[in-house]
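*Asks:* For the sequence shown, the positions run 1 to 399 when UniProt numbering is used.
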Amino acid sequence: MYSKSGSLQDSYEVFEQIPFRDNVSWTSMIAGFAEHGCGKQALSLFRDMVSAGNKPDQNTLTAALGACSVLQSLHKGREIHGYVFRAGLGTESFAGGALVSMYAKCGALAFASKVFDMLPKKDQVACSSLVSGYAQNGLLEEAVVLFHEMIASNFKVDSFTISSALGAINSLDLGLQVHTLVTKVGLASELSVGSSLVTMYSKCGNIVDCSKAFDQIDEPDLISWTSLIASYASHGKGEEALQVYDHMIEKGIQPDAVTFVEIISACSHAGLVERGHSCFHSMTRDFGIEPDNRHFACMVDLLGRSGRLKEAERFIDSMPIDPDSLVWTSLLAACKLHGDVELGKVAAEKVMELAPGRSGTYISLSNIFADVGKWKEAVEIRRRMSRIGVIKEPGWSFT
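1. In terms of residues, what are the limits of the alpha helix (DSSP H) holding M283?
2. When DSSP labels each residue in this structure, what does R78 get in the three-state scheme?
3. Quick check on the burial criterion: 16 or more other C-beta atoms within 10 angstroms. Buried or exposed for W225?
4. Please state the DSSP three-state secondary structure of G73.
5. Below 8 Å, how does it come out for the region 361-373 and the region 325-336: are there three or more Cβ pairs, yes or no?
6. Please go through the same chain and pick out, in chain order, the residues whose beta-carbon is closer than 8 Å to the beta-carbon of K237, but skip the five residues on each side of it.
7. Given that a residue counts as buried once 16 or more other Cβ atoms are within 10 Å of its Cβ, and exposed if not, what is residue 422?
8. Please state the DSSP three-state secondary structure of A319.
9. Tell me the residue span of the alpha helix (DSSP H) that contains R294.
10. For residue 405, which of D158, M29, F15, S164 has the nearest alpha-carbon?
11. Ordered along the chain, which non-local residues of its own chain (more than five positions away) have a Cβ less than 6 Å from that of A257?
12. Could you give the distance in angstroms between the alpha-carbon of Y201 and the alpha-carbon of E219?
13. State the start and end residues of the unbroken alpha helix (DSSP H) segment that holds V14.
14. From D117 to I151, what does the alpha carbon distance come to, in whole angstroms?
15. Give the secondary structure of K203 by DSSP, where H, G and I count as helix, E and B as strand, and everything else as coil.
16. Expressed to the nearest angstrom, what Euclidean distance is found between the alpha-carbon atoms of G194 and S171?
17. On the DSSP letters alone, give me the boundaries of the alpha helix (DSSP H) that S113 sits inside.
18. Can you list, in chain order, the residues of its chain whose CB lies under 6 Å from that of D324, leaving out five sequence neighbours each side?
19. Comparing C-alpha positions only, which one of D173, T62, L174, S196 sits nearest to residue 469?
20. Where E35 and M299 are concerned, what is the direct C-alpha to C-alpha distance, given to the nearest angstrom?
21. Please work out which residues of its chain come closer than 8 Å, Cβ to Cβ, to T361, disregarding the five sequence neighbours upstream and downstream, and give them in chain order.
22. Tell me, to the nearest whole angstrom, how far the beta carbon of H295 is from that of I316; I am working on the premise that it is less than 8 Å.
23. Would you tell me roughly how many angstroms separate the C-alpha atoms of D30 and Q41, rounded to the nearest one?
24. Starting from the C-beta of H81, find all residues in its chain whose C-beta is less than 7 Å away, skip the five residues before and the five after it, and write them out in chain order.
25. If you count every other CB in all the chains shown that lies within 10 Å of the CB of P320, and 16 or more means buried, which is it?
26. Are L174 and L139 closer than 8 Å when you measure CB to CB?
27. Please report the Cβ distance between A63 and T27, rounded to the nearest whole angstrom; I am assuming they are in contact, meaning their Cβ atoms lie under 8 Å.
28. Which residues mark the beginning and the end of the alpha helix (DSSP H) in which D48 is found?
29. Would you tell me roughly how many angstroms separate the C-alpha atoms of A188 and I217, rounded to the nearest one?
30. What did DSSP end up calling R382 once you bin it into helix, strand or coil?
31. Note down the Cα distance separating D22 from S7, rounded to an integer number of angstroms.
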């Protein structure tokens, strides 16, 4: 009872006082620890149970495998798999589903798939675990194929499985397939699924369907609204992001710190300086949210992108908290954009002081010098980078 209510300490104290512990008491305690993220304690109890001569049943083994999943311990999971096999339970549906889940959560998809294929009867737990495992490990086509088979077999598909698959998808074709399947089973209006669809379409660059997915959600919460704002912001649609924000406020949804990061960023990318200022000041005035370095960095970016570099510098000087490397990096990026060498040097030195191992800072400053023809200074920055052992980070491509 205590382990179910979350009072693990009370539960364990009661458990310790039991003179003759049966499987129910052992299993309840092991499951309690596992469900509360205490995998080590759960497995320690499992070992004690076996050492005391008790024979774990299917519920005990499921709880122990869950503890391995919490720890993402493939080694421990395989040990318990061996115990399951020796007990002759390997093909039982409960054990198979728990094993598939454990291997998938530990990233061992080959093992998960092999166990799954050996099951005489595939259940919802096993299918959902493997779909989520495939998706979270980048095997998206396999996830979609299995997801389709689940629906064809009339398995009940839960929102967690769908959200896991959508969260990993960055291909519009695959995303559309999943959306079609989700609509068939009537889950597109569920909060977590709808929010995942919004994020998926945004990642795939389809802002129109992103908005349509949001409109399907029965009762959008703050996370859903913020996801849509972020989607518009990331695609340079500041006016649309602001319209969503205004509509959200009209609906009585209170923004949080993350919402303001996204909305100020939207203003920055759209060049809406005055509206960005207004949103920034409304944080504290209207909603009692104290800005942190993320918001200050967005404001510096807002001013810097529009060419107001000196104003951005004064803004940093007036901050009530110490600016971190993110704030100075925003100023450095603006200096590179507008070719301000002197202020760029100041910003770069601050970043080097706060985050000395970041190669991008040296490269940005070197490029600022190179852009205005100061080749000697550009080369010296590269040499300085080499002297202190800063290694250039590998580049990223979003194409």
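Each residue gets a CB set at the ideal place from its N, CA and C atoms; glycine is no exception. Model, not experiment: these values are computed from the prediction.
*Replies:* Answer, in terms of the structure:
1. Along the sequence shown, one-based indexing puts residue 283 at 283. Element bounds for M283: 273-287.
2. Start at 1 with the first residue of the sequence shown, and residue 78 comes out as number 78. When DSSP states are grouped into helix, strand and coil, R78 belongs to the helix group.
3. Counting from 1 along the sequence shown, the entry for residue 225 is found at position 225. Its Cβ being crowded by 16 or more others within 10 Å, W225 is buried.
4. Position 73 of the sequence shown, counted from the start, is the residue given in the question as residue 73. Here residue 73 is Ser; the residue named in the question, Gly, does not match the sequence. Of the three classes helix, strand and coil, the one that applies to S73 here is coil, per DSSP.
5. Judged by Cβ distances under 8 Å, the region 361-373 makes contact with the region 325-336, as three or more pairs qualify.
6. Taking the first residue of the sequence shown as position 1, residue 237 is located at position 237. Beyond the five residues adjoining it in sequence on each side, K237 comes within less than 8 Å, by CB distance, of I207, A266, A270 in the same chain, given in chain order.
7. Since the first residue of the chain shown is 1 and the last is 399, residue 422 is not available in this structure.
8. For the purposes of this step, residue 319 is taken as residue 319 along the sequence shown, with counting starting at 1. The sequence given here has Met at residue 319, not Ala. Here M319 sits in coil by DSSP.
9. Within the sequence shown, residue 294 is the residue found at index 294, counting from 1. That run of the alpha helix (DSSP H) goes 293-305.
10. The chain is shown from 1 up to 399; residue 405 falls before or after that span and cannot be answered.
11. Reading the sequence shown from its first residue, position 257 is the one you call residue 257. Answer for A257: I289, listed in chain order.
12. By 1-based counting over the sequence shown, the position of residue 201 is 201. By 1-based counting over the sequence shown, the position of residue 219 is 219. Taking the straight line joining both Cα atoms gives about 19 Å.
13. Sequence index remark: in the sequence shown, residue 14 carries index 14 (1-based). 8-17 is the span of the alpha helix (DSSP H), which, as asked, contains V14.
14. Start at 1 with the first residue of the sequence shown, and residue 117 comes out as number 117. Start at 1 with the first residue of the sequence shown, and residue 151 comes out as number 151. Looking at the two C-alpha atoms, the distance is approximately 18 Å.
15. The count along the sequence shown starts at 1 and reaches residue 203 at position 203. Here K203 sits in helix by DSSP.
16. Residue 194 sits at position 194 when you count from the first residue of the sequence shown. Residue 171 sits at position 171 when you count from the first residue of the sequence shown. About 17 Å.
17. By 1-based counting over the sequence shown, the position of residue 113 is 113. Counting along the chain, S113 sits inside the alpha helix (DSSP H) bounded by residues 109-118.
18. For this step, residue 324 is matched to residue 324 along the sequence shown. Residues N293 of the same chain have their beta carbon placed closer than 6 Å to that of D324, with the five preceding and five following residues left out of the count.
19. Outside the displayed range of the chain (1 to 399) lies residue 469, so it cannot be described from this structure.
20. Reading the sequence shown from its first residue, position 35 is the one you call residue 35. Reading the sequence shown from its first residue, position 299 is the one you call residue 299. If you take the alpha carbons of E35 and M299, they lie about 42 Å apart.
21. Translated into positions along the sequence shown, residue 361 becomes position 361. The beta carbon of T361 lies closer than 8 Å to those of T329, L332, A348, V351, M352, A355 in the same chain, with the five residues before and after it left out.
22. Mapped onto the sequence shown, residue 295 falls at position 295. Mapped onto the sequence shown, residue 316 falls at position 316. With a Cβ gap of about 13 Å, H295 and I316 do not count as contacting.
23. For the purposes of this step, residue 30 is taken as the residue at position 30 of the sequence shown. For the purposes of this step, residue 41 is taken as the residue at position 41 of the sequence shown. Correcting the residue identity first, residue 30 is Ile in this sequence and not Asp. Taking the straight line joining both Cα atoms gives about 8 Å.
24. Stepping through the sequence shown from its first residue, residue 81 is reached at position 81. Residues L99 of the same chain have their beta carbon placed closer than 7 Å to that of H81, with the five preceding and five following residues left out of the count.
25. Here residue 320 refers to the residue found at position 320 of the sequence shown. With fewer than 16 other Cβ atoms within 10 Å, it is exposed.
26. To locate residue 174, count along the sequence shown from 1; it is residue 174. To locate residue 139, count along the sequence shown from 1; it is residue 139. No, they are not a contact pair.
27. Taking the sequence shown and counting its residues from 1, one reaches residue 63 at position 63. Taking the sequence shown and counting its residues from 1, one reaches residue 27 at position 27. Taking a contact as a CB-CB distance under 8 Å, the pair A63 and T27 counts as one, their CB atoms being some 6 Å apart.
28. Position 48 of the sequence shown, counted from the first residue, corresponds to residue 48. Its alpha helix (DSSP H) spans residues 39-51.
29. Within the sequence shown, numbered from 1, the residue matching residue 188 stands at position 188. Within the sequence shown, numbered from 1, the residue matching residue 217 stands at position 217. In a straight line, the C-alpha of A188 is about 7 Å away from that of I217.
30. Position 382 of the sequence shown holds residue 382. In the displayed model, R382 falls within a helix according to three-state DSSP.
31. For the purposes of this step, residue 22 is taken as the residue at position 22 of the sequence shown. For the purposes of this step, residue 7 is taken as the residue at position 7 of the sequence shown. Computed Cα separation, rounded: 21 Å.
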